[in-house]
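Per the UniProt record's numbering, residue 1 is the first one in the sequence shown, and the count goes up by one each step. Read the structure below first, then the notes.
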Amino acid sequence: MAHRIDVQHHLLPQAYVRAVGRDRIADTIVSNQCPDWTAEVSLEAMDRNGIATAMLSLAAPGFHFDSAADAAALARLCNDEAAAICAQYPGRFGFFATLPLPHIDESLAEVDRALNGLGADGICLLTNYGGHYLGDARLAPVLEYLNARGTVAFVHPSDIEGGRPLPHLPAATLEFPFETTRAITNLLFSGQAARLRDLRMIFSHAGGTIPFLADRISRLERRPDLACHVPDGALAEMKRFYFDIALSAGARTLQPLLDFVPPSQILFASDFPFAGEDTMAATVRALNGQGLSADVVSAIEAGAAQALFPTRRMAAVSPQQAVVLNSQI
């Protein structure tokens, strides 16, 4: 029985690909190729890997138009397509809506349209918009509104603004983990994390380097000007977040994450189609092949997501519809 819930699964609407450019999309990922994606391609991979439901989102590079109207129009097109896919395949897909940030008024309007009108399960945020990281005061009105609504926000890393220090390497390899770490650290020491108590944030790829650097980041509390922003302590704030295991299911990455937060805050994710089906299958095998208890695996594969999205009707897929790769686990 397919039962996994994939919280990092990307759609590539043709309007988005045309607007951003295949080369720019390809430049961020290890394969250096922009995938040819359709919902049916996703469903076939999901069925072969025991994934009942995938939560769709846009990923990097996103779009950062100077024109608020252009950004808002493209966000609407992408969100409309995601909603249409969910309606076409009930239970198989959910989605995190895209916002035309850093344009605040247009983003607030799209939050309402997506959550109230389209049935979005949450909002997708990028780690930075034009170099302004989550935690920046310029983005605060949107995060505060999401918090007031008790929204789930999926946070995907963006490319570094101004060019990578190692430009011959794709952003996905080094910059994405560090981008997530920068965004979390800025949320902490801007004071926003302490204020956004009802905004449930899922960070990609095991939180970047957070499980490894958490203690080092917490040393910033030695500075009174920074400590005042984390009255409960930086570690306590970081431990409130949720983390997915896209590209992070192996023991060298997953075990530090399990030492950092409980399985109820860790979610299955594939990063498909930017990571191919071979990576999706390897994630399934790694999670099930390192001797974790059945309760831990169950929480990561579905339980944590079901708790975050209690009103989402997840798919129930029969064994005839899904070929789970048990023979390779």
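Where a beta carbon is used, it is the ideal one built from N, C-alpha and C, also for glycine.
Could you tell me the distance, in whole angstroms, from the CA atom of residue i to the CA atom of residue j?
i	j	result
Val323	Pro263	Note on Val323: pLDDT 34, under 50, position unreliable in the model; the coordinate value appears next. Distance between the alpha carbons of Val323 and Pro263 is about 25 Å.
Ala316	Arg4	Unreliable positioning characterises Ala316 in this predicted model, as indicated by a pLDDT of 48, which lies under 50. A coordinate reading is not provided.
Gly50	Val297	14 Å
Arg18	Gly162	23 Å
Ala72	Arg216	39 Å
Leu292	Asp6	19 Å
Tyr242	Arg22	31 Å
Val284	Phe93	19 Å
Ala69	Asn79	15 Å
Gly91	Met55	10 Å
Asn116	Ala251	40 Å
Ala2	His103	40 Å
Phe274	Glu179	18 Å
Phe268	Leu226	33 Å
Ala214	Gln255	15 Å
Leu325	Ser270	Residue placement at Leu325 is poorly supported in this model, since its pLDDT is 32, which falls under 50; the coordinates still yield a value, given next. Going from the Cα of Leu325 to the Cα of Ser270 covers about 15 Å.
His156	Phe272	13 Å
Cys228	Met238	16 Å
Thr311	Asn186	32 Å
Leu126	Thr28	14 Å
Thr181	Pro35	27 Å
Pro61	Glu81	18 Å
Ala246	His10	12 Å
With 8 Å as the threshold, decide whether the Cβ of residue i is near any Cβ in chain B.
i	result
Gly117	Among the chains of the structure shown, chain B does not appear; only one protein chain is present.
What is the DSSP secondary structure of residue i, counted as helix, strand or coil?
i	result
Asp244	strand
Val261	coil
Met46	helix
Leu174	coil
Gln14	helix
His132	strand
Gln255	helix
Met1	coil
Gln8	strand
Gly207	helix
Glu152	Residue identity check: residue 152 is Val in the sequence provided, not Glu. In the structure shown, Val152 sits in a strand (DSSP, three-state: E or B).
Gly122	strand
Phe93	strand
Phe65	coil
Arg200	strand
Leu267	strand
Ile51	strand
Val323	Legend: pLDDT at Val323 = 34, less than 50; position of this residue unreliable, value from coordinates given subsequently. Val323: coil per DSSP, three-state reduction.
Ser158	coil
Between residue i and residue j, which are expected to be in contact by the criterion C-beta below 8 Å, what is the C-beta distance as a whole number of angstroms?
i	j	result
Gln8	Asp244	5 Å
Pro170	Asn288	Wrong, their Cβ atoms sit about 28 Å apart, outside the cutoff.
Ile85	Ala39	5 Å
Val230	Leu188	6 Å
Thr253	Ala206	5 Å
Pro211	Phe260	4 Å
Relative to the alpha-carbon of residue i, which residue among the options has its alpha-carbon at the smallest distance?
i	options	result
Leu58	Arg113, Thr253 and Gln14	Gln14
Ala307	Ala286, Ala69, Ile266 and Pro273	Ile266
Ile184	Met201, Leu174, Ala172 and Thr173	Met201
Leu199	Ala214, Ala236 and Tyr145	Tyr145
Gly150	Arg48, Arg197 and Phe176	Arg197
Arg76	Val111, Ala206, Ala60 and Arg312	Val111
Ser107	Glu81, Phe65 and Gln88	Phe65
Thr279	Val30, Ala83, Asp105 and Phe176	Val30
Arg48	Pro224, Thr253, Ile25 and Ala281	Ala281
Leu74	Gly233, Val20, Gly276 and Leu118	Val20
Gln290	Thr311, Leu258 and Gly276	Leu258
Counting Cβ pairs closer than 8 Å, one from the region 157-168 and one from the region 219-226, do we hit at least three? No: the two stretches stay apart, fewer than three of their Cβ pairs being nearer than 8 Å.
Meets three-Cβ-pair contact criterion under 8 Å: the region 183-197 and the region 138-149: At 8 Å Cβ cutoff, the stretches touch.
Stretch pair the region 88-103 + the region 118-132: three plus CB contacts closer than 8 Å: Between the region 88-103 and the region 118-132 there are three or more C-beta pairs closer than 8 Å, enough to call the two in contact.
Could you say if the region 41-58 and the region 127-136 meet the contact criterion of at least three C-beta pairs nearer than 8 Å? Not touching, per the Cβ criterion.
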